[in-house]
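Single-structure report; data block below.
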């Protein structure tokens, strides 16, 4: 059997010597019990009554264990006494501090110590209340700050979502963004035809010498003139005068025609259709086109018109 004794280290005041004696006794008894267990013969020689060992009613190891338990109980009681003395000392130091502060405030508070302690408790309670109010105010400020940040972030998300939905609506309607919140709808193009007609005389010499009089009519696509039809939309929040340019190019990137579309007093999110005829400098269909914004000027109200006249009308 192996015995382990776990001992702690305590800072002592008046009971330190008693604890040291108890610890020494425990260590001595533990060493004796260990020697008796490892060498029973040596234990018999060390005992004063070795010759009567066989007549003993109890095992010496059990007696040593009982003594060890008794000493451990005594150590436990000494620990409790030490803790009590530390508590008493702490209270005494606190009372001493109160007395020192009382002596410092004697002229202001008078001779009544109870009155001083009452005033001190009131001051501590007021200080605690102020601390609670400060914490509550700091919490409310932090809460308001977090709520403000949350509302701003939510407003930004809602604005982005609304813009995405509006852009998706423009895409479904066939409008492409040109810049400056101006959109251009899907446009169609048409080339007209030119017709030539007349009479053709065919002479066939034969026995009758007949001359055939034939009427003909030819139609050809007129690439020099083209009709364009589309829509312009002002996506801004204010009424504006909008102008866009539609330019056409051939397969070599050379400009072969253009059209300038001007919409005055264009209201927000209202598509304005247009149809124009474009003169083309090409004898075949155009290869590509481009659109861009010329201007998008907001309507500025004339302040002179808003001011009342001198006669009050």
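In our numbering, the protein residues as written are 1 to 313. A virtual CB, placed ideally from N, CA and C, is assigned to each residue, including glycine. Nothing here was measured: the structure is a model prediction, and the numbers come from that model.
task = Would you please state the rounded distance, in angstroms, between the beta carbons of residue 265 and residue 300? I believe it to be under 8 Å.
result = The residue given as residue 265 occupies position 265 in the chain shown. The residue given as residue 300 occupies position 300 in the chain shown. So it is not a contact: roughly 12 Å between Cβ atoms.
request  = Note down the Cα distance separating residue 221 from residue 195, rounded to an integer number of angstroms.
outcome  = Your numbering for residue 221 matches position 221 in the chain shown. Your numbering for residue 195 matches position 195 in the chain shown. Across the structure, residue 221 and residue 195 are spaced so that their CA atoms are roughly 9 Å apart.
inquiry  = Quick check: the Cα distance between residue 297 and residue 251, rounded to an integer number of angstroms?
reply    = Position 297 of the chain shown, counted from the start, is the residue given in the question as residue 297. Position 251 of the chain shown, counted from the start, is the residue given in the question as residue 251. Distance between the alpha carbons of residue 297 and residue 251: 34 Å.
request  = Could you tell me whether the segment 223-240 touches the segment 277-286, where touching means 3 or more Cβ pairs closer than 8 Å?
outcome  = Enough Cβ pairs lie closer than 8 Å, so yes.
key: Delimiting residues of the beta strand (DSSP E) encompassing residue 261   = Taking the chain shown and counting its residues from 1, one reaches residue 261 at position 261. Where residue 261 is concerned, the enclosing beta strand (DSSP E) stretches over 255-266.
ask   = In angstroms, rounded to a whole number, what distance separates the CA positions of residue 189 and residue 231?
value = Within the chain shown, the letter at position 189 stands for residue 189. Within the chain shown, the letter at position 231 stands for residue 231. A direct Cα-Cα distance of roughly 13 Å separates residue 189 from residue 231.
request  = Provide the residue(s) that pair with residue 195 in DSSP beta bridges, ordered along the chain.
outcome  = Along the chain shown, one-based indexing puts residue 195 at 195. Partner(s): 219.
Proximity to residue 248 [Cα-Cα], best of 257, 152, 89 = Sequence index remark: in the chain shown, residue 248 carries index 248 (1-based). Answer by Cα proximity: 257.
query = Cα separation between residue 117 and residue 63?
reply = Within the chain shown, numbered from 1, the residue matching residue 117 stands at position 117. Within the chain shown, numbered from 1, the residue matching residue 63 stands at position 63. Rounded to whole angstroms, the gap between the alpha carbons of residue 117 and residue 63 is 57 Å.
message = Suppose contacts are defined by Cβ-Cβ distances below 8 Å. Is residue 238 in contact with residue 271 by that definition?
response = Sequence index remark: in the chain shown, residue 238 carries index 238 (1-based). Sequence index remark: in the chain shown, residue 271 carries index 271 (1-based). One thing to note: residue 238 has its Cβ no nearer than 8 Å to the Cβ of residue 271.
key: C-alpha distance - residue 184 paired with residue 291, whole-angstrom precision   = In the chain shown, residue 184 corresponds to position 184, counting from 1. In the chain shown, residue 291 corresponds to position 291, counting from 1. So the alpha carbons of these two residues sit roughly 8 Å apart.
inquiry  = Going by beta-carbon coordinates alone, are residue 178 and residue 244 separated by less than 8 Å?
reply    = Start at 1 with the first residue of the chain shown, and residue 178 comes out as number 178. Start at 1 with the first residue of the chain shown, and residue 244 comes out as number 244. Yes, Cβ-Cβ distance for residue 178 and residue 244 is below 8 Å.
ask   = Comparing alpha-carbon positions, which option in 181, 139, 120, 166 lies nearest residue 294?
value = Locating residue 294 in the chain shown gives position 294, where the first residue counts as 1. Ranking the options by Cα distance to residue 294, first place goes to 181.
key: Buried versus exposed call for residue 99 [16 or more other C-beta atoms within 10 Å across all chains shown]   = Here residue 99 refers to the residue found at position 99 of the chain shown. So residue 99 counts as exposed.
ask   = With respect to the beta strand (DSSP E) encompassing residue 296, which residues constitute its N-terminal and C-terminal limits?
value = For the purposes of this step, residue 296 is identified with residue 296 of the chain shown, where counting begins at 1. Note, residue 296: beta strand (DSSP E), 288-298.
query = Can you name the start and end residues of the beta strand (DSSP E) that residue 276 belongs to?
reply = Position 276 of the chain shown, counted from the start, is the residue given in the question as residue 276. 271-279 is the extent of the beta strand (DSSP E) around residue 276.
query = So the alpha helix (DSSP H) residue 86 belongs to, where does it begin and stop?
reply = As a first step, residue 86 must be located in the chain shown, where it is residue number 86. Segment 60-104, the alpha helix (DSSP H) holding residue 86.
ask   = Can you pull the DSSP bridge partners for residue 245?
value = Residue numbering aside, residue 245 sits at position 245 when the chain shown is read from its first letter. Paired residue(s): 260, 292.
query = So residue 175 and residue 233 are in contact, right, with Cβ under 8 Å, and what is the actual spacing, rounded?
reply = Position 175 of the chain shown, counting from 1, holds the residue named residue 175. Position 233 of the chain shown, counting from 1, holds the residue named residue 233. The beta-carbon separation of residue 175 and residue 233, rounded to 6 Å, stays under the 8 Å limit for a contact.
Three-state secondary structure assigned by DSSP to residue 188 = Here residue 188 refers to the residue found at position 188 of the chain shown. Strand at residue 188.
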